[in-house]
Ligand SMILES: [Zn+2]
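Numbering (the numbering used here), first residue to last: 1442 to 1936.
The following block contains the structure:
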């Protein structure tokens, strides 16, 4: 038998419907070809998982392109079309046995509510039904009927904060191999419910820990082959939005149907408990005064990791008003301020205005300070464990000092889920007393070794105060609306 080849790549980003900043091409890290494989081998990312799974069984990968960006506003249509064209052209060239895609599943474009479904539909139209197409998705994907239709198999992360990206992709890869070998006939039972989890959605404790333990048990008992529980990204204003449970049997759908229903019932049963408030910012800042340890604060209201703009000044204004002048690293997205610092040059003192151009919960800051450092294109390598080994870079930045507070101004928004973002610009995380990140979950894993990690209840575009938005497509859904437990269902058995 000739050596198998697998086509991989695509586009991965998580979108926020209410973030007005369209995600353009320059926000993406783009890789392709053998160099992409070399660069991402061993990374705890979905792409890294595809690569490692392929290496394990000596399979060659074709990577026409892979666009990856941090969360943000919907992706520019033209960027999606560029990726789609490259992938479709590669599909037309053929010479592969299966397609395995490392996607997110919670992406939007300016005009598409289900771009992942559209991309795979186009690939399916070329390769026909005989070539398996599988994918790994983020736990916060919005998976709907149109997404599932062109796929043979789809698997999602089982952890939040996410630490099983690579393992998820390996399952997707192995499913494709099983289909080729004739040992796996995916029988999918999907259940959908229009509800959101808001705040109590870590899998490390509480209801989701219990629900995932139940799913694991179903796998162990051999009732199903794979289970995914998608707790939809909370800021997607699209039709059919909500929780999705996938259960796959092997040739048999009955038990998959049962497991899928049972898990959705558990989610519904725990619905009130899946909503929770985060710790109060003042309470957390009080701890700074009495504790030797440093504190790393996730800005709940402006998480770039959840699609926020990354320019909220809420916590900084809070620090300035309270005269908290300890060694602090505070990141803000503001291209204009970066330009101003560049013009002025490092070492000079100026009055600078920055922040709050998109986030409106707290006014922009105008203050005298010193331009400490400027630079561009500095590499970042994630310590992990979340996305450990992932390589990124900070495009243009300036570090602006206000007393002991170091404001990290950037011309792109970043989530700062890893300490290496600060090291990259010359700020040693070990020296800080307060570090602010624009993530709610993942930074907690990666900063745990540095100090006390906490996500604070702050207002903004990514706070779970979701009635701040003018929803147009997603409603009715729980908790904004009173709904009955009447899940939608979708089933498919591969012949
Ligand atoms: Zn996620």
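In this text, a Cβ means the ideal position worked out from N, Cα and C, and glycines have one as well.
{"query": "Contact test: residue 1601 Cβ vs ligand 1 heavy atom, cutoff 8 angstroms", "result": "yes"}
{"query": "Cβ separation of residue 1694 and residue 1628, assumed to be a contact under 8 angstroms, to the nearest whole Å", "result": "4 angstroms"}
{"query": "Sub-9 angstroms separation of residue 1854 and residue 1742 beta-carbons", "result": "no"}
{"query": "Cutoff 6 angstroms; reference residue 1469; Cβ partners in own chain excluding five residues on either side", "result": "1508 and 1510"}
{"query": "Residue 1812 vs residue 1845 beta-carbon contact at 9 angstroms", "result": "no"}
{"query": "C-beta neighbour in chain B for residue 1692, strict 9 angstroms", "result": "Structure shown: chain B not included; a single protein chain is present."}
{"query": "Option in 1541, 1771 and 1550 with minimal Cα separation from residue 1573", "result": "1541"}
{"query": "Three-state secondary structure (DSSP) of residue 1870", "result": "helix"}
{"query": "Best match in 1745, 1934, 1897 and 1779 for proximity to residue 1676 [C-alpha to C-alpha]", "result": "1745"}
{"query": "Per-residue burial, residue 1538 [other beta carbons within 10 Å of its own, 16 or more giving buried]", "result": "buried"}
{"query": "Anticipated Cβ contact below 8 angstroms, residue 1873 with residue 1835, distance rounded", "result": "The pair is not a contact, with the Cβ atoms about 17 angstroms apart (cut-off 8 angstroms)."}
{"query": "Pocket of ligand 1 (residues with CB nearer than 5 angstroms to any heavy atom), chain order", "result": "1579 and 1581"}
{"query": "Straight-line gap, residue 1911 to residue 1449 (C-alpha atoms, nearest Å)", "result": "37 angstroms"}
{"query": "Whole-number beta carbon distance between residue 1671 and residue 1584, since they are thought to touch under 8 angstroms", "result": "5 angstroms"}
{"query": "Residue 1491 burial status per 10 Å Cβ neighbour count (16 or more: buried)", "result": "buried"}
{"query": "Beta strand (DSSP E) segment containing residue 1838, residue limits", "result": "1832-1843"}
{"query": "Local Cβ density within 10 Å of residue 1926, reported as buried at 16 or more and exposed below that", "result": "exposed"}
{"query": "Beta-carbon spacing of residue 1655, residue 1704 below 9 angstroms", "result": "yes"}
{"query": "Sequence-distant residues of its chain with Cβ nearer than 7 angstroms to residue 1760 (five each side left out)", "result": "1769 and 1846"}
{"query": "Strand pairing of residue 1508, partner residues [DSSP]", "result": "1452 and 1471"}
{"query": "Entirely enclosed beta strand (DSSP E) segments - the region 1613-1688, minimum 3 residues", "result": "1627-1634 and 1667-1671"}
{"query": "The region 1469-1482 in contact with the region 1595-1615 per 3-pair CB rule at 8 angstroms", "result": "no"}
{"query": "Segment contact flag, the region 1779-1799 with the region 1903-1922, C-beta cutoff 8 angstroms, min 3 pairs", "result": "no"}
{"query": "For residue 1740, the first and last residue of its enclosing beta strand (DSSP E)", "result": "1736-1740"}
{"query": "Residue 1623, buried or exposed, once every other Cβ within 10 Å from all chains shown has been counted against 16", "result": "exposed"}
{"query": "Beta-carbon spacing of residue 1837, residue 1887 below 9 angstroms", "result": "no"}
{"query": "Residue 1911 (DSSP reduced to helix, strand or coil)", "result": "coil"}
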